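Chemist: Mapping of the sequence shown onto my numbering: position 46 corresponds to residue 34, and the numbering continues sequentially without gaps. Yeah, the Cβ is synthetic: ideal placement off N, Cα and C, and Gly gets one too. Since the structure is predicted, the reported quantities are computational estimates derived from the model, not experimental observations.
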Amino acid sequence: MDSEEMERRTRMLAINVAMLTQKLPDTLINKIYKGQIIRSSSSTGANYRASRRANQNQILLIN
């Protein structure tokens, strides 16, 4: 799996999780859990992209 495929998959994960949480009833506890799972699924892709940028910057500094 190349980096572009990984970015696509992490983006789709965040979208799919957000769509799935919309199907849960709007109880107080579900609102808390929905917010947490949406944040964690979207941060996966954000962390991956940040690590790629850091590696690219490190390569530029070395050369």
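Can you give me the Cβ contacts of K22 inside the same chain, cut-off strictly under 8 Å, excluding the 5 residues immediately before and after it?
Modeler: If we look at K22 and ignore the five residues flanking it on each side, its Cβ neighbours are T9, L12.
Chemist: Kindly indicate which three-state DSSP category T15 falls into: helix, strand or coil?
Modeler: In the structure shown, T15 sits in coil (DSSP, three-state: anything other than H, G, I, E or B).
Chemist: Smallest Cα separation from R27: which of I3, M(-11), E(-7)?
Modeler: Considering only alpha carbons, the answer is I3.
Chemist: Is the beta carbon of R41 closer than 8 Å to that of S(-9)?
Modeler: In this structure, R41 does not lie closer than 8 Å to S(-9) by Cβ.
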